[in-house]
Structures are given as structure tokens and as C-alpha cells.
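Under our numbering, think of the first position of the sequence shown as 3, with each following residue one higher.
A virtual CB, placed ideally from N, CA and C, is assigned to each residue, including glycine.
In what follows, a single structure is set out as C-alpha cells and then discussed.
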Amino acid sequence: MQAYPQEYVEHNLPLVFLSGVGERQDHAGVAPSTQENGTRIVTGSAECSGDRARQLLDQLLNLDGSKQPWNAQALPGSPIYPDGVFTKLWVAKHQRQVPALLIAFFELSADEDSAQNEQIQIDINAIRTALGISGFKTRIAAVLMSDRSILRAPELADRLTAIRRATTLDTKTGLFFMPPMSSQAEIATYVQTMLTALQPLAVEYYRDLTKHARRKKIRGGPAGSSTTPVDGGAHALSTSGWNARYEVKQGVFAEFRQEMEVAERHYSAALEELFGSDGILEATPSWSPRWDEARLLCDVVALRVLRCELWSDLTTSAVISWTNYKARMRDLVDRRGKGTQTYSWHAWETRWAEIMAQLIQRAAVPAFRAALGRANEDSSELAALALYAPTEKTAVATERLPPFHLLHHPGYWLRLAVSSARARWLVALAIPEEDRTPPGQSPASAVAYRSKNYDTFLASDPHEEYPLAEGHGYDHIADISRLTDEAIREFALRSQGRATDRLNFDLAQQLAATERFPAALDRLVPIWEECSWRDDDWNDLVVPLLTLLHDCARRCGNVEVHVATAWELLSLSSPTGPDGLLEYLRSSWPKASDVTVRFEDRQRHSPLNARFAFGKSETHVGDQVECQLTLWSQAPPGTPALTLSKVKVTVGTSKTITITNKRERDWSPDGSVLYDFKDVATENADGSLVLEADLRLPHAQKRIYGFRLSFKEAGVLRLQQLSLQLKDEQLSIEHTYSDPNLVRGASFFAQVGDVLEARPLPCADATAVTVLPKPPKLQMVVHGLLQQYYLNEVITLELELVNDEAEAVDATATVSAATSEDRTVAVRWQGKEDNGHELDIGMLRASAARRASLYMTAPLEPAVCTLALEVKYTLISDPSTPLSKTMDVEVSIVEPFQATYTIGPLLHSDPWPSYFAAHQKDTHDQPEGIKQRWRQNSLLRSCAADALLIRAVRLVKASDSPDAECSMSDPTALEDHLLEPEHEMHVPSEFTTQKLSFDDRRPTSLNLMLHVDWSRGQDAETVTAILEVPRLNLPSSEPRVLCTVANDESGEHGLTLQYHIENPSGHFLTFALTMEANEAFAFSGPKYRTLSLAPVSRVCVQYRLLVHDEGDEAAEGRGNGRWIWPVLQVVDSYYNKAPRIHAGGPEVKIDEKGKLGIRVVEAEE
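Here it is, written out as C-alpha cells:
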């Protein structure tokens, strides 16, 4: 924007004059030419002075909008002719000469008399009169700076009232009282409040000017003028010119009011008037100065359109407006100007792109400002947010905008300016020599030819654009450098390193083209040192960079850079020609000495490739492992072979392998060669290895060097460094690889006849080898391990140790056991006490064996136990070196049995106590409840993989019940029963319960367990398996019916069926009994009867049965007999419920359907 007059491009803000508070030394005054005419304002009051006045002036100037970043330090251009469309003097008049508001400051002393009041009134009225005579409607305000507040000097209130009445100033918007203020913050707050109150006056002032401009536009342009301008023609302003002038004026006034959307509409309308078919640009000849002036006005108006859109955060619209205006101007210059292939047009493109960058920088676009505010927090977020502004909200969501219609950061536009400036320079270089002569040295015809053929709109004349004499014209390189540096600063701020490098590289090419080699070298070296193109293998960029840097370093005498670039170029092109690298460098720098250049990893490209690999991934201390180092040259074809002076390989922290060059007579550049040093090379005392081999490396032919290494310490050893060195008397080049990934080999070479065969390596990381401790030769064998063991079983195992070492050892065995849940398991050695985990084996001679037994008690829950065995020993010849051998044995522990349970009541023979008789306790602790007998049937199922011998099964209490006593009957005697896998056996058990309290009617809760004694055989140790019985809740107050059988001993084949009806509750119960007829037997007794039971009583009802047939079915168990199924219905008369009938003794059962069965047994004959 520096090429345009400052009045045209600066942001318009309301103008406020300050009177009576002095001025700052750095405040720019009005030009003397503008002080000759105009209104002079004179006041008689003294100027306000003192610290408070200076502080007040500082605070007022701090709010000066002219210091905002919208303004540019522009140089004023030539004024437009009076009969043109517009003039910058009009903008300067409103921005610098005619204020919207004048603020007068007066000191008001509480000690002064009324004379001071009168003087203030006279000065305010004089200022108002002078402003009225000037013809402008400038508003006035007065500030009275008092030395006391009204609270301390109440008489000041009357004086203020008198001044207000005499001057007719409003106390809210015209007359302000400023009491003494002690701090800078108070003064700042006061100033801010005062200007906020005065702002509507300034806005109203410019709104009145807008109305005046609108009325003049509507009236139309003036009549044709008869005056003759200096160019010889009369120019009457056309209607489009008149409309454009007043659209611009209204836009400027809208900017004064900070109504940027309104201003943008007026500016856009002015552009349409200027570019219209009957506009100034179409109607004015292109050779006329008026045409250039109209172009200048168009540029200024378009600039203001962009500024208004950026102010309104219409970022996409601003980019589209910028692009459309550029295309529109290109079309205009191609049609009516001298074309767009001139340096003037490229200068305009440069200026237009730079204007966009400057506007973005000064507009503080929210997207870029937010990112910059978080720059210190997250640089990645900065790069993501600050590249371009998102699409504005007013854009259609379904519309897909091209990327170049998004507002990018200023660096993008500055790069466009750099491209245009470079194009301007190239066009300038094509100016013929006869047009580069100054006008004073050229004939008039040549000067006329230049003015006709060269476009100099805001650009230099041809003799200044590219002068014959250096240093007297336009410096294109300086302009390109300035724009490039500004663009680099923006790209670097957003971490766009590749764009920064490309801009620097392009500028270095321009500098080198003008033979400014030191400046080009300064630009190229940072790119070369931190080049991302090298990492990305962008050789199309790396080769030109290295070539240019190589040439600049030679011209500037930088030996190190020249040598380094020659080494790097050798991997991509051939800078040395037919000579070798060292010969080429010696001829380039014959006087150089002791020049050393070092590179690391991928810091530079290398013409040599190196690969290192171990033959296997694991070895042991003292054993040898094969290694191979492969070298080959990737220099271009036809390049002489590279000869290394030394190769150094470092493995681990101390082992080094050095290969020095030794030329062979029968050396051939054709084919790959394997140098095998496996059998001839031996390590030195310090572990290093020194070899000699031919290190000449022809193009694309591999040289493989094989050798063996051994290690004395265990651990993981890696390739630490691989160094390649070229050296002679003058120069030394060393390339070091510290990153194993860059030199990791993937194959191992072997000579098979005349063919060199590459065999892939099985390991992923061939540059590392795991060195294991010396392997122990003591063997461990566990005897007696079964497939599975069972809960609570004592496990016996036998460990056998066999000494395969060449000499005797002193050994100690350690054992530990744990489950998968990290619970420890008891284990000990034979002969040791509990938890005796360590066993001293003692001296064990070579080839001798020894056995030791250990015992482990299986846990009470299923688990997989891991038995960890470790034998630590030392050799008799080397007691300081401990050796160890470990073994893990998994032992599976499972449950041997599973059981299901059924429980039912039995008849207890003891009589029940009478409810009506007093009950006396014999002892204090004796239970007094009713005894109840129970039977539990257990179905035991084998889960073991082996046949187990069942020795005994018994039901035991897991814990005592707090409210009842439980006694177990003697278990049924069992003969040893062999239970096969997956087979079952029935085990009956009986127990009796009795409540401690006679009145306790709550259910009885019991916790029982089933103990099963078993063994693996007759002579094996007995193990007790503990099976948990589900918790039992036995009812104590529910009525029940028990059925028993009493066989007739008279031999008449009759039996007595007894039904025992129990009422343990505290209520009287009545039951209805009905015996159903049956074809299998006849019965004697009541078929139907009603039975009443007193509380806590038991009644027996008997039926005599006579079985019709006998011997048809075999009885279960013993003797002959059959089952009959009598049906007795027992119904509670009150609740109408039928209690279940239980089998209360032997010869009675309940089947699966709940029916009662009686076993009839034949009498013995």
C-alpha cells in the first residue's frame, strides 16, 4: 500500500481536536499550506498545565485510533487534477483538518472569583461562534478541570450551573467536570466515560455529511465546464463519474461512523460505476493521465472493499473480491491498456498481493488471532488453525468452495507477491539496451516511443527499471528479498518448514544469478543442514540445492561445505567427472590442509551403503558368533571406484573391529566378493579385532567381510557405531552411523561354488545379539509325576540330578510352589521340617546322579500348581562363578468327588411331652425341644481319572447351631468300595435335632459336611475328601405325617400300617382322614374319620392290611416280596390343605411321583 497516497488507504476515524491541554512533541501538526486559509480559534484562558493535564493528555492520545495497525507508513503521491473523479485532498480535509468534535479544556480554581467563570464562558462562546462562521457543523465540548471536588468546595456547583446556562452546554454531552484524581487508572476511566458520551455526537456529525452527499448525488452532475485543462480538452464529469464520486464519499463517511457493511456497499457501487460500459475506465483514452488516475482510484476503492469485508469477518468474500478484481483489471489492461506482459503489470500484481497480506495482518482475523494467542501452548494446534480461516457462516453449506477461495494466512499472499516480483524482474531483464538509456542521453523520438510502448503505472521508467549503470535504478533483488523474508516469517510462525525452505532456495537462486554468492550461501546453508527434502527423498529438489551450494561454496572459499556437498552429490550425480573424489577435491583446493568433514546417520546423503548383521540372534558366553559387514557404492555409473582408508565397527561398549585398506594385485571391479576372515582372524587381549582387506568399492558391486566374535559377559549387545573413512594427506571424510536401523542387514552371504548366495536371516534385528550365560550341564529329571492329583492329597515326587559337567560340582536345590492365583502351597524336602524349601545336595562327582524326594500337600480348592525347582551349583575348579539350572513342573489339582443330597424326616421313638403338663428341665443346659429324626441320602459320583477305594463316608457338623442341638448317628458300616471313574454310589446318613427352647418355633439351620475317606489302593495312604453340604433349613413348627410299618409276627401275612400325625405348633388342628380302597390289599380301620390334635402333640392312626397276592415281584434288598401303594388322604379341615406324607421308617418309601410305597415281605417258613 506504500505506492498509494496515504489519504486514500488509511482507515477513516472521527476527527477530534483537543484545545487547552498542550501537545506532544511527536504529534504531527497540520501542513503549513493548510493554515493560510480557514477558521482561526483564539481563547483567552490559560493553557492547562501540571502533571494532571499531562496525564489527561496521555490518556486521550492512548485512545487515538490513528495508531491502530490499519494505517501504513505511506508516501503521498501526486494529487489528481481538479476535473478528475476524486482527489485525496478531500479525504485529507475530513481526516486531518475539519474535526467532528472539538474538546476545550479549562482550569477551574475554587479560590478564584467570578472573573474566571466569565472568561471561561467567553472562550466557549467564542469557539462556538468561530465554528459557526467556518460553515462546518463541528460539535463542541468543554472539560472543566477543578483543583477541588464539589464535596470540599460546594460553591463550585453554583459556578458550574452559571457556566452551563451561559454556554447552553448539556452536562451529559457538552460540559464535563473533572475533580482531582489521585491515580492514572481514575483518569483513564474518566476519559473512557467522556469519549463514550461524546461518540454519538461524532456519529451524528458524519451522518449529516452523508445526507448532504446523498442529496448532491441525487441532484446529478454540474453542467459542462468551458475551462480548458492543461491537456487541451474540456472535461465535464460524466454521470457515472459523478455517481462514483459520491458513492466513494458516502463510503468514507460510513467508515467514519464505523458502519463497515454500509461502506462496503457504497464502495462496491463505486467500482461498478467506474468499470461500467460508460464509466471512466471505458470512456477515457488509455494514454491520458486521467486513465491512470481512474485506475488508482479503482485500486483504492477495491482496497477499501477488502478492508470492510475483513472488518466484518467475511473472509471468503474478501478472497473472492480480491480474485474477481484482479481478473477484472487484467481484462481491462489487456483490452485497453498495454497488456499484461509488461513489468508494470507484474509490479501491480506484486502490489495487489502484498496489499492483501498487509490487510490480513492489520485486520487481526479471529481465526489467526485465536491461534496466535495459543502459540505458546500447542504449536501443532497453531499450525492446524492458522493456515487458513474457515468458511464464513453466511456461505451455503452445500456449496463446495475451491481451496484458493479460503482466506489463507499472510505468508500465502506474500509468496504470490514474490512470484510476481520475480516475473517483473525477468521482464525487466528483457528490456532492450536502447530503452535503458536515460532520457537526457536519448533522442526525443526514442523517449516518445517509450511513453507509447511502456506502461509505467505506479512503476519506474525503463531506464530506471533496468538501468545500464549498476546501483542507479530499481533494486529488484532487494524487493524480492524483502517480500521473501516477510513470507518466511509468516510460514515459520506456523511451522511450515517446507514452504520456508523453498522460498529461501528460490531467493538463493536469484541471488546467485546476480552473483551475490555470499548472500546466497547464507540462505542455502541452513536449508542444507536441516533439509527435510533429504529425509523425504525428494531428489528433484536436493540435487539442485546441492549443486548450487557446491558452486557457491567454491566461489566463497568455504572448503568444508564444498567437500561435504561433493560427498553428498556423489550419491545423486557425478560432480567429480572422470576423476576420483579425492583427486577432484585436491585439484579444487591444492593449498588446503587438515580439512576434516564428519557426518552422522542421515544427516547427509552418502555414496556408500553399509550393512551389518550377526549370523544368529543368540549365543553364549565364550562361544563365537559369525558376523558380516557388507559395503557397496551407489555412485553414478562410470564414477571411479571409491577407496576407503578405514572401516571401524563398535559392538557393545568396548569391542571394536577395524578394517584397514590393503590393495590386492588381482583385484577386479566386476562382481561381488566375499572376504572370509573366520579362520584367520583372532581377537586381541582387549577383545578388539584388526583386519586388512581391499576397501576399493566399485559401482553397484558388493564387498562382504566375514569374521567371528566372542563375548565374555552376558546381556544384549547391539551395534553401537559404524564409521566409514576416506583420508589422504590433505582431506579426511568420515561418515558415522549411530542408528542401527540404517545399517541393519537382512541376509547372510555364503559362497556356493562360484555364486555368492544371499540367505535371509530369521531374526528381525540382525544388529543385536543376546549373549546368554554359560549353559549349565547339570540335568534335572522329575519321577512319579501323575496326570492329576486330588484335593488335600499328599503328593510325593522324586527329583533326580545328573552331573554332566566335566568335573565335580557343589550343589544346592531349592523348591517352591504356588497356584495360578499366586497362593503359596506347602512343599518340603524329605527329611526336612515344614517349609524346608532348601536342600543341600553337597558334592556331586562328574557323571554321578543323586535323587531327593519332596512332598507337597494339595490345596483344598481346585488349582494348577507350579512347582519351581532350582539347583544352584559351582564347579570345584571355579567356585566364584555361580551356575544355576531351573525347571518348572505343573501339577493339576482337581476335585475327586461330587455329591447330590436329598433329606427327609424319620419317626423318633421318644414320646412327645404333654402340652397340658408342666415341663421341668433336668439340668440347666439340657435342651427341652422336641426331638426330630432326619435322614440324608448322598449320591456320591467319582470325578477322578482313576479308580478310588472308598473306605468310609460320614456326615459331620461343620459348626454348631446357636438354637438347636444336632447329634449324628453312627455311620453305616461300609466295606471297602472301589469307585470307578464316572460311577456313583448311595450313602445314607441319619441325625437328630432338638431345639434348646421348648417355645422356639423357628426353622433350624444346619451346616454339615460329608467326609469321604479314600485311597488309591489297599496299601496307599488314606486321604479325607471334604464335601460341603448345602445349608439346611429344617422346619420346627409345621405339621407333618409319617408312615411306618409293623409286620405281623403271627404268620397270617398281615401287617400294620401306622400314620403318625404330628402337630408341633401351638394351635389346635383338625384333620380329615380318608383311606382309599385298593385292589392289592384289604384294610381294617376307619375309611373316613376326623382327628383333632392338641398343640404339641402326636397321634398314631393304625390300619390293618391283608395283601391279596404275594410273591409276584422280587423285593428289593433281601427276601421276596412286593410293593403296595396305599393312599391315605389327610386334609386340614380349617386351611383345606393336605400335608405331605413322609416315609418315617424302614420298608416305606416315596417314589418319584410322591406316592407312598409299602414293602411286603414273606414270612419265613
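Taking serine 151 as the reference, which of Leu162, Phe679, Val623 has the closest Cα? Taking the first residue of the sequence shown as position 1, residue 151 is located at position 149. For serine 151, the nearest C-alpha among the options comes from Leu162.
Counting pairs of Cβ atoms below 8 Å between the stretch 1037 to 1051 and the stretch 1007 to 1027, do you hit three or more? no
According to the Cβ coordinates, are glycine 1159 and leucine 908 closer than 8 Å? Within the sequence shown, numbered from 1, the residue matching residue 1159 stands at position 1157. Within the sequence shown, numbered from 1, the residue matching residue 908 stands at position 906. No.
Here's the rule: buried if 16 or more other CB atoms are within 10 angstroms of the residue's CB, otherwise exposed. What is threonine 1? Because the chain here runs from 3 to 1167, residue 1 falls outside it and cannot be looked at.
Taking the alpha carbon of serine 589 as the point to measure from, which residue in Gly617, Arg556, Gln605 has its own alpha carbon closest? If you number the sequence shown from 1, residue 589 lands on position 587. Ranking the options by Cα distance to serine 589, first place goes to Arg556.
Would methionine 845 be called buried (16 or more neighbouring beta carbons within 10 Å of its own) or exposed? Residue mapping note: residue 845 aligns to position 843 of the sequence shown, counting from 1. Classification for methionine 845: exposed.
Of the residues Val87, Tyr269, Ile659, the one placed nearest glycine 253, counting alpha carbons only: Numbered from 1 along the sequence shown, position 251 holds the residue referred to as residue 253. The candidate whose alpha carbon is nearest that of glycine 253 is Tyr269.
With distances taken from CA atoms, which of Pro742, Gln722, Val891 is nearest methionine 782? Residue 782 sits at position 780 when you count from the first residue of the sequence shown. Checking every option, the nearest Cα to that of methionine 782 belongs to Val891.
Beta carbon of alanine 954 nearer than 8 Å to that of aspartate 1001: Position 952 of the sequence shown holds residue 954. Position 999 of the sequence shown holds residue 1001. Not in contact: alanine 954 and aspartate 1001 (Cβ atoms no closer than 8 Å).
Along the chain, which unbroken stretches of the alpha helix (DSSP H) at least 4 residues long are found entirely within the stretch 689 to 725? none
Keeping to the same chain, check which residues put their C-beta closer than 7 Å to that of aspartate 688; ignore five residues upstream and five downstream. Indexing the sequence shown from 1 puts residue 688 at position 686. Closer than 7 Å at the Cβ level, and outside the excluded window around aspartate 688, lies no residue.
Helix, strand or coil, according to DSSP, for isoleucine 152 in the structure here? Looking up residue 152 in the sequence shown gives position 150. It is coil, neither helix nor strand.
Rounded to a whole number of angstroms, what is the C-alpha to C-alpha distance between valine 1098 and threonine 994? The residue you call residue 1098 lines up with position 1096 of the sequence shown. The residue you call residue 994 lines up with position 992 of the sequence shown. Cα-Cα distance, rounded: 18 Å.
Residue environment, threonine 502, which counts as buried when at least 16 other CB atoms sit within 10 Å: Residue 502 sits at position 500 when you count from the first residue of the sequence shown. So threonine 502 ends up on the buried side.
Can you tell me whether glutamate 263 is buried or exposed? The criterion is at least 16 other CB atoms within 10 Å of its CB, across all chains shown. Your numbering for residue 263 matches position 261 in the sequence shown. Classification for glutamate 263: exposed.
Beta-carbon gap between tyrosine 1090 and leucine 1059 smaller than 8 Å: Position 1088 of the sequence shown holds residue 1090. Position 1057 of the sequence shown holds residue 1059. Their beta carbons are not under 8 Å apart, which means tyrosine 1090 does not touch leucine 1059 by this criterion.
The alpha helix (DSSP H) that contains phenylalanine 277, what's its start and end? Here residue 277 refers to the residue found at position 275 of the sequence shown. Per DSSP, phenylalanine 277 belongs to the alpha helix (DSSP H) from 262 to 277.
Does DSSP classify methionine 196 as helix, strand or coil? Taking the sequence shown and counting its residues from 1, one reaches residue 196 at position 194. It is helical.
Between which two residues does the beta strand (DSSP E) harbouring asparagine 939 extend? Residue mapping note: residue 939 aligns to position 937 of the sequence shown, counting from 1. Note, asparagine 939: beta strand (DSSP E), 933 to 944.
Where threonine 549 falls: helix, strand or coil (DSSP): Mapped onto the sequence shown, residue 549 falls at position 547. Helix, per DSSP.
Please list the segments of the alpha helix (DSSP H) lying wholly inside the stretch 493 to 543, counting only runs of 4 or more residues, in order along the chain. 499 to 515, 519 to 531, 534 to 537
Taking the alpha-carbon of glutamate 897 as reference, which of Leu1029, Phe277, Asn939 has the nearest alpha-carbon? Here residue 897 refers to the residue found at position 895 when the sequence shown is read from its first residue. When each option's Cα is compared against that of glutamate 897, the closest is Leu1029.
Taking threonine 621 as the reference, give the member of Val771, Ala349, Gln97 with the closest Cα. On the sequence shown, position 619 is the one that residue 621 refers to. The option with the nearest alpha carbon to threonine 621 is Val771.
Excluding the 5 residues preceding and the 5 following glycine 499 in the sequence, name in chain order all residues of the same chain whose CB lies nearer than 7 Å to its CB. What you label residue 499 is simply residue 497 of the sequence shown in a count that begins at 1. Here the set comprises Ser534.
Leaving out the 5 sequence neighbours to the left and right, which residues in its chain are closer than 6 Å to glycine 176 when beta-carbon positions are compared? As a position in the sequence shown, residue 176 is number 174, starting the count at 1. Closer than 6 Å at the Cβ level, and outside the excluded window around glycine 176, lie Ala143.
Contact defined as beta carbons within less than 8 Å: I believe asparagine 663 pairs with leucine 644. What is the distance between those atoms, to the nearest angstrom? Position 661 of the sequence shown holds residue 663. Position 642 of the sequence shown holds residue 644. Not quite, the Cβ-Cβ distance comes to about 11 Å (not below 8 Å), so this is no contact.
Might you give, ordered along the chain, the residues of its own chain that have their beta carbon closer than 7 Å to the beta carbon of alanine 320, omitting 5 neighbours on each side? Position 318 of the sequence shown, counted from the start, is the residue given in the question as residue 320. Cβ within range, chain order: Leu308, Glu311, Leu312, Leu409.
Of the residues Leu803, Met858, Ala851, Lys834, the one placed nearest glutamate 872, counting alpha carbons only: Start at 1 with the first residue of the sequence shown, and residue 872 comes out as number 870. Nearest C-alpha to glutamate 872: Leu803.
Does the stretch 516 to 525 come into contact with the stretch 537 to 545, if we say contact requires no fewer than three beta-carbon pairs (one atom in each stretch) closer than 8 Å? no
Simplified DSSP assignment, three categories, for asparagine 326: Sequence index remark: in the sequence shown, residue 326 carries index 324 (1-based). Of the three classes helix, strand and coil, the one that applies to asparagine 326 here is helix, per DSSP.
Alpha carbon to alpha carbon, what distance is there between histidine 1110 and glutamine 900? One-based indexing of the sequence shown puts residue 900 at position 898. One-based indexing of the sequence shown puts residue 1110 at position 1108. One C-alpha to the other measures close to 44 Å.
Check for me: the beta strand (DSSP E) holding phenylalanine 1083 runs from which residue to which? Numbered from its first residue, the sequence shown carries residue 1083 at position 1081. Where phenylalanine 1083 is concerned, the enclosing beta strand (DSSP E) stretches over 1083 to 1086.
Quick check on cysteine 1102: buried or exposed, where buried means 16 or more other Cβ atoms within 10 Å of its Cβ? The residue you call residue 1102 lines up with position 1100 of the sequence shown. Result: exposed.
Of the listed residues Thr883, Leu877, Ser822, Tyr903, nearest to cysteine 867 (C-alpha basis): Locating residue 867 in the sequence shown gives position 865, counting from the first residue. Looking at the Cα atoms, Ser822 is the closest of the given residues.
Report yes if the C-beta distance between threonine 131 and leucine 104 is below 8 Å; otherwise report no. As a position in the sequence shown, residue 131 is number 129, starting the count at 1. As a position in the sequence shown, residue 104 is number 102, starting the count at 1. Contact flag unset, no.
Taking a contact to mean a Cβ-Cβ separation below 8 Å, would you say phenylalanine 750 touches leucine 763 in this structure? Numbered from its first residue, the sequence shown carries residue 750 at position 748. Numbered from its first residue, the sequence shown carries residue 763 at position 761. Yes.
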